[in-house]
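Engineer:
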Amino acid sequence: MRTLTPALLAVTLSSSLLAQSNAIPGVDVRLHELAGFTAANRRGPAFPNGEVGCVVGHSFCNAGTTNVPWDSTDDVTGRMLDTYPKIAFLLARDTGDRIIQISGRSFAKHSGTPFNFSSGPCAPCTSAGGPFFYVGCSDTYGTGFNGSQISLGPTTEINPWLGTFDTVGSYFDRGDPSVGGAAAMDGVKSLSFTMTQTFDSVKNRMEVQESDLTPGGPFYTQAHVVIQGEPVANRGNNIRSQEVSINWGGVSWNSSMIGNSVEGSVLTHWNGATLAENGNGNDDGRFLVAVKVTGPVGGMYHYEYAVHNLDNSRAGATFRVPLAAGAAVGGVGFHDIDQDGSNDWAFANLGNEIVWSAPASNPHEWNTILNFWFDCDEAPSFGQVGIDQARPGPGGMTVLVDSQVPSGIPTATVTSIGSGCGDCTGSFYELFSDPTTFDLGDTAIQLVPNATGGYDVKPSGLAYVFPNGTDLPLGINAETNVGLPFSLPYPGGTTTNLVVCSNGFISPAASNGTNGFPSTAEFHNGAARWAASWHNYDPALNGRINVMSSPTEVRVSFRNLFPSFGSGRDNFQYVFLPDGTVHYIYRNMTAAGFNKLAGWTPGNSTDAGSIDLSTAVPTQFRLCQTDVDNLALSASDRPVLGTTIQLVTDQIAPNSTSGVVMVSFTQTTPAIDLSIIGMEGCFLHGAGNGPTYPFNPASPSASIAFLVPNVAG
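Add 374 to the 1-based position in the sequence shown for this note's numbering, that's all there is to it.
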């Protein structure tokens, strides 16, 4: 639950609306994975005084609604074209105090040829040949491709906002070393394999000082794809980052990727930081500002800012932070990406603000992170930092980004109080990894439909009935369809057909395959499934799988089944009733063979962990139709005087009948435990001295408009 802190002062927010001259509706390229990382290349003096060349691979796909032009050479003139993706890279280290970029201004990958693979999260691929990145198709570039020096050019030659690249006179046009004369200015690529074969293994890749690696990580790398004409609204999936391991192996550097990649800048990995971004309000790109304020220690708060130029082509020339009159400031610091102290930004305390200013030779270019920090005796409040543009061009001269600042102006905030409650799972299971622990023999379980659309799981009073119906012709790892004489409701649907598998489980309508070795991942990621005893059975060894069917019930019996790689016999029975109730009735069960799994899943469910059914079923438990997370309440914005904000309730359980948002102007401490009214795990944090707002819980999310009174106090 969240409570609103009353607004003390209204703050004017700058517009974040951005115009883009070359925006093409429907262009949306998604960078969906990082494909490997290497730091195996080095040059220079002996360890630890050399440099390392790092490379990261990536995969991206066309998630838009239009085919993206992709061509690097004019077939008639031989001149270079710029209608293709450019991919920039960087490497950062978390020092414990701050996240700093440790790669220099590395070159970007110029990706000249589309492959249009049919796999990937944007599929199906609609490729029809020709110079396009087709809707639904994907491309993957490993570290070999992305580290190929014939395709690496300076990021400073790319306009990251428009996605354009002036080929004439470019690094590719000139060659390295430059060919000179007219050939260096004709737009025809002069950089050749003959040239790049003379390069060392670090040049133009992510160039990192070994002295920045020896302190150890965590390290984070990222890739950033730039697409010509992609609307800014579709660029949230252009950057992907991931933690990497880098360590010295005695002769060379060893590296590997850790965990999974995530969408967004490396700054999203900075624990405890608050992030916000904005552009210049007209026609240029964005800066991302991360801030972390700690303390006070000895009366001083420590302010840490990390600023990432995402795609602003005019670059940054200053970093301005509002300051309360008379506030004490000390412990000032700055970090950029080079080793040249002579071009560091100059600091000044102007009384009402503190400012870092760039020399003309070192503006804040895109694909670069700069760090600013200081100590101050003024507590943080909501405000905006300012970044002046380094070069003339369309749009405003200053980019304002929301942040925490020592302005001395009290401001409204939104703060989370407590945590949500009301979570509910749609599935249950017990995995018997040791078959000797199977303890459900001679018991019975029933799954009874409930008001949430799920099941109530409780003991069953039905008895096992000797099977005298129709035997199903099933062998090992086999399945067959069984028609029902009635329509059977189950969580998420209804069916008139059962898919019976010889390995002890039954699926409504959709097959789950015939794997005989229970897997919790397969159980949760597959389709709906009842599993009285999922195990690797062989019915041909004097066993029977029998169906007894009538208009009032259908019984599917697994009789005298021999566990593969075990001894003894298992006997259990399913009973399906027209009202949707399902019974698992166990008779003699052997403690032999491999794993067994008992449970139910509606399909595509979250693994909540194995439970002890012998103790959980007698006390009963409730399932929802699908997995439901804890109920959550959030505010769309700060409660500034005279404004209207949205109070958003998320993760509403299916089949909920009513809902209400209660606004309180004071916090209850300690919180009131609501278990006394049947709300287990829920606590009341507000005093209930404000208005209430009923809402319709028919959808997973509901929004209430809340007008903040234009009255202070």
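Glycine residues also receive a C-beta, built at the ideal position from the N, C-alpha and C atoms.
Taking 8 Å as the cut-off, decide whether the C-beta atoms of residue 484 and residue 525 are in contact.
Structural biologist: As a working note, residue 484 is residue 110 in the sequence shown. As a working note, residue 525 is residue 151 in the sequence shown. Yes, the Cβ-Cβ distance between residue 484 and residue 525 is below 8 Å.
Engineer: Which runs of the beta strand (DSSP E), 3 residues or longer, sit entirely within the region 610 to 693?
Structural biologist: 613 to 622, 627 to 637, 648 to 653, 660 to 671 and 674 to 683
Engineer: Since residue 465 sits in a beta bridge, which residues does DSSP pair it with?
Structural biologist: Here residue 465 corresponds to residue number 91 of the sequence shown, with the count starting at 1. Residue 465 pairs with 595.
Engineer: Relative to the C-alpha of residue 724, which candidate in 911, 741 and 695 has its C-alpha closest?
Structural biologist: As a first step, residue 724 must be located in the sequence shown, where it is residue number 350. For residue 724, the nearest C-alpha among the options comes from 695.
Engineer: Buried or exposed for residue 972, please, with buried defined as at least 16 other CB atoms from any protein chain shown within 10 angstroms of its CB.
Structural biologist: Position 598 of the sequence shown, counted from the start, is the residue given in the question as residue 972. By the neighbour-count criterion, in which a residue is buried when 16 or more other Cβ atoms sit within 10 angstroms of its Cβ, residue 972 is buried.
Engineer: Hey, could you find the ends of the beta strand (DSSP E) residue 1024 is sitting in?
Structural biologist: Stepping through the sequence shown from its first residue, residue 1024 is reached at position 650. Unbroken beta strand (DSSP E) run through residue 1024: 1018 to 1024.
Engineer: If contacts are defined as beta-carbon pairs under 8 Å, then residue 475 and residue 811 qualify, I think. What distance do you get, rounded to the angstrom?
Structural biologist: On the sequence shown, residue 475 is found 101 positions in, with the first residue counted as 1. On the sequence shown, residue 811 is found 437 positions in, with the first residue counted as 1. Wrong, their Cβ atoms sit about 53 Å apart, outside the cutoff.
Engineer: Out of 1047, 1059 and 1072, which has the shortest C-alpha to C-alpha gap to residue 1031?
Structural biologist: In the sequence shown, residue 1031 corresponds to position 657, counting from 1. Ranking 1047, 1059 and 1072 by Cα distance to residue 1031 puts 1072 first.
Engineer: Which word fits residue 929, buried or exposed, when buried means at least 16 other C-beta atoms lie within 10 angstroms of its C-beta?
Structural biologist: Counted from its first residue, the sequence shown places residue 929 at position 555. It counts as buried.
Engineer: Can the beta-carbon of residue 1085 be found closer than 8 Å to that of residue 1013?
Structural biologist: In the sequence shown, counting from the first residue as 1, residue 1085 sits at position 711. In the sequence shown, counting from the first residue as 1, residue 1013 sits at position 639. It is not a contact, given that the beta carbons lie outside the stated cut-off.
Engineer: Between the Cα of residue 986 and the Cα atoms of 958, 803, 1023 and 979, which residue gives the shortest distance?
Structural biologist: Within the sequence shown, numbered from 1, the residue matching residue 986 stands at position 612. Selected option, being the one with the closest Cα: 803.
Engineer: Output yes or no for whether 8 Å exceeds the beta carbon distance between residue 864 and residue 947.
Structural biologist: Walking along the sequence shown from the start, residue 864 turns up at place 490. Walking along the sequence shown from the start, residue 947 turns up at place 573. For the pair residue 864 and residue 947, the CB atoms are not nearer than the 8 Å cut-off.
Engineer: Hey, which unbroken runs of the beta strand (DSSP E) at 3 residues or more fall wholly within the region 967 to 1027?
Structural biologist: 970 to 977, 1006 to 1009 and 1018 to 1024
Engineer: Pull up the DSSP beta-bridge partners for residue 831, would you.
Structural biologist: As a position in the sequence shown, residue 831 is number 457, starting the count at 1. Answer is 821 and 995, bridged to residue 831.
Engineer: Look at the Cβ atom of residue 845, then the Cβ atom of residue 961, and state whether they are nearer than 8 Å.
Structural biologist: The residue labelled residue 845 in the question sits at position 471 within the sequence shown. The residue labelled residue 961 in the question sits at position 587 within the sequence shown. No, they are not a contact pair.
Engineer: Buried or exposed for residue 1054, going by 16 or more other Cβ atoms inside 10 Å?
Structural biologist: As a position in the sequence shown, residue 1054 is number 680, starting the count at 1. Result: exposed.
Engineer: Just the C-alpha distance for residue 896 and residue 1008, rounded to the nearest angstrom, thanks.
Structural biologist: The sequence position of residue 896 within the sequence shown is 522, counting from 1. The sequence position of residue 1008 within the sequence shown is 634, counting from 1. So the alpha carbons of these two residues sit roughly 34 Å apart.
Engineer: Just confirm the distance between the C-beta atoms of residue 731 and residue 720, as a whole number of angstroms; I'd bet it's less than 8 Å.
Structural biologist: By 1-based counting over the sequence shown, the position of residue 731 is 357. By 1-based counting over the sequence shown, the position of residue 720 is 346. At roughly 5 Å, the Cβ-Cβ gap stays under 8 Å, so residue 731 and residue 720 are in contact.
Engineer: How many Å lie between residue 387 and residue 1011 at the Cα?
Structural biologist: As a working mapping, residue 387 is identified with position 13 in the sequence shown. As a working mapping, residue 1011 is identified with position 637 in the sequence shown. Its pLDDT being 30, under 50, residue 387 is placed unreliably by the model, and the measurement read from it follows with that caveat. Approximately 11 Å between the Cα atoms of the pair.
Engineer: Would you call the region 419 to 433 and the region 499 to 518 touching, i.e. three or more CB-CB distances under 8 Å?
Structural biologist: yes
Engineer: For residue 935, which residues in the same chain have their Cβ closer than 7 Å to its Cβ, ignoring the five residues on either side in sequence?
Structural biologist: Sequence index remark: in the sequence shown, residue 935 carries index 561 (1-based). Hits under 7 Å: 911, 913, 917, 943 and 944.
Engineer: Tell me, which residues are paired with residue 542 by DSSP?
Structural biologist: As a position in the sequence shown, residue 542 is number 168, starting the count at 1. According to DSSP, residue 542 bridges with nothing at all.
Engineer: Report the partner residues of residue 933 according to the DSSP bridge assignment.
Structural biologist: The residue you call residue 933 lines up with position 559 of the sequence shown. BP columns for residue 933 point to 918.
Engineer: In the DSSP output, which residue or residues are listed as bridge partners for residue 535?
Structural biologist: Residue 535 sits at position 161 when you count from the first residue of the sequence shown. Residue 535 is not bridged to any residue.
Engineer: I want to know whether the region 747 to 755 touches the region 693 to 712 - three or more CB-CB distances under 8 Å.
Structural biologist: yes
Engineer: For residue 601, I'd like the list of residues in its chain whose CB is within less than 7 Å of its CB, leaving aside the five on either flank, ordered along the chain.
Structural biologist: Here the question's residue 601 lines up with position 227 in the sequence shown. Excluding positions up to five away in sequence, the list reads 401, 403, 442, 459 and 537.
Engineer: Using CA coordinates, which residue listed in 1045, 587, 814 and 453 is at the minimum distance from residue 629?
Structural biologist: As a working note, residue 629 is residue 255 in the sequence shown. Checking every option, the nearest Cα to that of residue 629 belongs to 587.
Engineer: Considering only DSSP beta bridges, list what residue 879 is partnered with.
Structural biologist: In the sequence shown, counting from the first residue as 1, residue 879 sits at position 505. According to DSSP, residue 879 bridges with 905.
Engineer: Using only the alpha-carbon positions, how far apart do residue 901 and residue 976 sit?
Structural biologist: The sequence position of residue 901 within the sequence shown is 527, counting from 1. The sequence position of residue 976 within the sequence shown is 602, counting from 1. Taking the straight line from one Cα to the other gives about 7 Å.
Engineer: Assuming residue 842 and residue 857 make a contact with CB atoms under 8 Å, what is their CB distance in whole Å?
Structural biologist: Position 468 of the sequence shown holds residue 842. Position 483 of the sequence shown holds residue 857. At roughly 19 Å, the Cβ-Cβ gap does not stay under 8 Å, so residue 842 and residue 857 are not in contact.
Engineer: For the putative contact between residue 437 and residue 499, defined by C-beta atoms under 8 Å, what is the C-beta separation to the nearest angstrom?
Structural biologist: Your numbering for residue 437 matches position 63 in the sequence shown. Your numbering for residue 499 matches position 125 in the sequence shown. At roughly 12 Å, the Cβ-Cβ gap does not stay under 8 Å, so residue 437 and residue 499 are not in contact.
Engineer: Three Cβ pairs or more, each shorter than 8 Å: is that satisfied between the region 669 to 683 and the region 753 to 763?
Structural biologist: yes
Engineer: Kindly indicate which residue of 795, 878 and 993 has the alpha-carbon position closest to the one of residue 1056.
Structural biologist: Reading the sequence shown from its first residue, position 682 is the one you call residue 1056. That would be 795, whose Cα lies nearest to the Cα of residue 1056.
Engineer: Are the region 681 to 692 and the region 644 to 663 touching, with three or more C-beta to C-beta distances below 8 Å?
Structural biologist: Yes, the region 681 to 692 touches the region 644 to 663.
Engineer: Would residue 544 be called buried (16 or more neighbouring beta carbons within 10 Å of its own) or exposed?
Structural biologist: Stepping through the sequence shown from its first residue, residue 544 is reached at position 170. Looking at its Cβ environment, which holds 16 or more other Cβ atoms inside 10 Å, residue 544 is buried.
Engineer: Comparing alpha-carbon positions, which option in 445, 446, 407 and 593 lies nearest residue 413?
Structural biologist: For the purposes of this step, residue 413 is identified with residue 39 of the sequence shown, where counting begins at 1. Of the listed residues, the one whose Cα sits closest to residue 413 is 593.
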